[in-house]
Amino acid sequence: MRVPKAISSPFTFVVLLVLVAFVSASLGAFAVSGEQFWQVLTGAGDPTVQFLLLEIRFPRIVQAALVGAGLAIAGAAIQGLFRNPLADQTLIGVSSGAMLFAVLAIVFLNTLLAQVAAWLQQTTVGIAAFLGGLLTTFLVYRLSRNGRTTSVMTMLLAGIAISAFAAAVTGVFIYLSDDQQLRDITFWSMGSLGGANWLQVGLLLPLVGLGIVGLLRYAKPLNAIILGESEAAYLGIPVEKIKARIIVLTALIVGLCISVSGIIGFVGLIIPHFLRLLRGPDYRYLLPASALLGAIFLVLTDTLARTIIAPAELPIGILTAVIGAPFFLWLLLRQRQQQMAL
Amino acid sequence: MIVVKNLAVNKGGQSIVRGINLQVRPGRISVLLGKNGAGKSTVLEALTGKNTFSEGNITWDNYPLTKLTNQTLAQRRAVLSQSVTVPFAITVQQLVEMGTYVATEALPNQKIASLVEEALTTVGLSTFGTRNFQTLSGGEQKRALLAKCLVQLNCCHWADVNKYLFLDEPTAGLDMEQQFHLLALLKRLVRRRQIGVLAVVHDVNLAAQLADELILLKAGQIATTGSPGEVLTPELLQEVFSVTARVHPHPVLDCPYVTLLPHQPTAHSASFSNSTY
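So the protein lines, in turn, are chains A and Y. Heads up, the first sequence is in the working numbering, so the first residue is 179 and it goes up one at a time. Heads up, the second sequence is in the working numbering, so the first residue is 10 and it goes up one at a time.
Below, the structure written as structure tokens:
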């Protein structure tokens, strides 16, 4: 695909992200006019509109951007580490682990904490999901460790096995859950950014932000790993150390994202893939661009999720799959045509 | 100079090579020659620092290999692998540029560009910079990888540090013309830059043309070491490769030339005619 470099530059993405954020803030079950928007930004205007924008839509948009950026950059990094364009964070077990622990929290803790406020229940589920994600990733990583090296191939297989096991245990608890819990579980697994508030954003922003900045430092090593681990080592890259750090950073980022939004698929797969077709696989471009385009994509999708059947909301995970899957197929077919043309 | 003393490598409880003594000297090409499974690659990998070894010691310009970090090592030696598979569509330029990753400090873009261009010109790929590496022919890929090695060796300059190049089957998969050019290019580079080279080569005649020193390996041990003229004798070829051969002087170059003769397999040689199919 030939696209002028100016259009796909990270700078353009930043501008686009800001634009998309403002458009998103004005759209919704209650449309905000340009005039009202300006009034709120300058500190005046209708208190209802003020509350809507400042306390509901803005945190939600920031959260969508963070989650999108986190998932996309994590996907890019994992694809590089596994040297596989079809890999994503689910491979290291973080998603299935998060799912299992979220389900456990919903089924057990929420029964115990039934008297407690809804937000505390939600937080408990989030924290459980985060811990579950980290725990399974750690387990998968440990299983693939052999002396001082870690086999990416074993990790892939261990990831599949552990994920399958986690899914089975999840199934048991889904079976044991009552109707309300079942509904909670189902919606959690389809993802939502509906619970966003400034407290969450305040926790998420520095942590996911640090994770993203951390990953950005590994652009060159990831480039070298494209050639294979031994080639990267010949180029002086401490491959094992880098591998461990990238896995820790991705697990942190994805665990945090899942903990506030539930499972949102396809972002980590299609965003880096699309950018690679656009500009090639240089990680010095791919990592920052994935984060930015992921943010744009998720803010847009979330806007769609809350406007398409307003005042009700569609789970965002459904939308990312509905948009992502055909788009991914289109990319694949295009790529095949190009290869045949060569 | 790289000095290897009494090197032994065991893998999975089995001894792969043992009692290896050899030297790699700046400005000279040493070639490891031997049957499949004789331990050539194992020796090469131990010297590059890729694999650990069980016994003996390897010193790089008087530093023990085990004390050198991955990065220091990468600044002193490059490795041309037999083949590299790339899962993403990287350009030749991007591949060659990776040679600069060994630099400790950030290099200016202009310097990187000139290093890449110089290396691509040296290997005769100056117009290939924007091509997708995956779509190159085997020979072109090998030359692009060699260009990456050259950038790696050129990007850190120290007057007092020797540079080394390790080659794993550099001519495998190349046609006659490419083989010829690659050998000539390697010899030129070694003379001009005083690079020390250790190569694994399968073809006896190519090895004879390339090598200043041949190291003949047999079943994990060094059978003999010397100049191609000294080492390539019918007796040693019979002993190491189990073949009947005749050795002539090369009609043009100053090295021996080996022709194989049809022969009856001896009881010790595992040839296809002896096997059950």
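Cβ coordinates follow ideal geometry from the N, Cα and C atoms, glycine included.
- Annotation: Cβ neighbours of Ile404 (chain A) in chain Y (cutoff 8 angstroms, chain order): Val95, Pro96, Phe97 and Ile99.
- Contacts with chain A (Cβ-Cβ distance below 9 angstroms) from the segment 66–97 of chain Y involve Thr78, Asn79, Gln80, Thr81, Leu82, Ala83, Gln84, Arg86, Ala87, Val88, Ser90, Val93, Thr94, Val95, Pro96 and Phe97, listed in chain order.
- Within 7 angstroms of the CB of Glu491 (chain A), no CB atom of chain Y is found; the nearest one sits about 37 angstroms away.
- Within chain A, no residue has its CB atom less than 7 angstroms from the CB of Lys14 (chain Y), the nearest being about 24 angstroms off.
- For the pair Ile251 (chain A) and Val318 (chain A), the CB atoms are not nearer than the 8 angstroms cut-off.
- Contact check for Gly48 (chain Y) against Leu226 (chain Y) passes: the beta carbons are separated by less than 8 angstroms.
- Per DSSP, Tyr173 (chain Y) is one residue of the beta strand (DSSP E) stretching across Tyr173 to Asp177.
- For the options A:Ile404, A:Ala429 and A:Leu470, the alpha carbon positioned closest to that of Val193 (chain A) is the one of A:Leu470.
- Gln150 (chain Y) is outside the set of residues whose beta carbon lies under 8 angstroms from a beta carbon in chain A.
- The beta carbon of Ile441 (chain A) sits closer than 8 angstroms to the beta carbons of Ser273, Ala276, Met277, Trp366, Ser367, Met368, Gly369 and Gly495 from its chain, once the five residues preceding and following it are set aside; these are given in chain order.
- Ser408 (chain A) reaches chain Y at Lys59 and Ser90, counting residues in chain order whose Cβ is nearer than 8 angstroms.
- A straight line joining the alpha-carbon of Leu232 (chain A) with that of Asn375 (chain A) spans about 10 angstroms.
- DSSP, read as helix, strand or coil, puts Pro73 (chain Y) in strand.
- Cβ contact annotation for Val125 (chain Y) (same chain, cutoff 7 angstroms, sequence separation greater than five): Gln102, Val105, Glu106 and Val160, in chain order.
- Short of 6 angstroms from the beta carbon of Ile99 (chain Y), and not among the five residues preceding or following it, lie these beta carbons of its own chain, in chain order: Phe142.
- Between Phe191 (chain A) and Ile474 (chain A) the beta-carbon gap is near 7 angstroms, inside 8 angstroms, which marks them as a contact.
- A residue is called buried once 16 or more other Cβ atoms fall within 10 Å of its Cβ, and Gly205 (chain Y) is buried on that count.
- The distance from the Cβ of Leu312 (chain A) to that of Ala429 (chain A) is about 6 angstroms, consistent with a contact at the 8 angstroms cut-off.
- Within chain A, the residues whose beta carbon sits less than 7 angstroms from that of Val111 (chain Y) are Leu413 and Gly414, listed in sequence order.
- Contact note: Asn375 (chain A) does not reach chain Y at a C-beta cutoff of 7 angstroms; the least C-beta distance is about 40 angstroms.
- Leu162 (chain Y) sits away from Lys151 (chain Y), with the two beta carbons spaced by 8 angstroms or more.
- As for any alpha helix (DSSP H) of minimum length 4 sitting wholly inside the segment 181–262 of chain A, the runs are 188–204, 212–219, 225–229 and 236–259, ordered along the chain.
- The three-state reading of DSSP puts Thr289 (chain A) in helix, counting H, G and I together.
- For Pro466 (chain A), no CB of chain Y lies under 8 angstroms from its own CB, so it is not counted at the interface with that chain.
- Proximity of chain Y to Asp460 (chain A) at the Cβ level (cut-off 7 angstroms) is accounted for by Gln103, in chain order.
- The beta-carbon separation of Val438 (chain A) and Gln299 (chain A), rounded to 14 angstroms, does not stay under the 8 angstroms limit for a contact.
- Within the model, the alpha-carbon separation for Leu360 (chain A) versus Ile352 (chain A) is close to 6 angstroms.
- Considering only beta carbons, the part of the segment 443–458 of chain A lying closer than 8 angstroms to chain Y consists of Arg454 and Gly458, in chain order.
- By the rule that beta-carbons nearer than 8 angstroms mark a contact, Asn262 (chain A) touches chain Y.
- In the DSSP annotation of this structure, Leu116 (chain Y) is not part of any alpha helix (DSSP H), being labelled neither H nor E.
- The residues Val18, Thr51 and Glu54, in chain order, have a CB closer than 8 angstroms to that of Asn60 (chain Y) in the same chain once the five nearest residues on each side in sequence are set aside.
- With a contact defined as Cβ atoms closer than 8 angstroms, Cys158 (chain Y) and Leu89 (chain Y) qualify at about 5 angstroms.
- When DSSP states are grouped into helix, strand and coil, Asn19 (chain Y) belongs to the strand group.
- Look at the beta carbons and you see the segment 376–387 of chain A not touching the segment 490–504 of chain A: under three pairs across the two are nearer than 8 angstroms.
- Around the beta carbon of Trp69 (chain Y), a 10 Å sphere encloses 16 or more other beta carbons of the protein chains shown; the residue is thus reported as buried.
- Leu447 (chain A) is positioned such that its CB atom lies closer than 8 angstroms to that of Phe506 (chain A).
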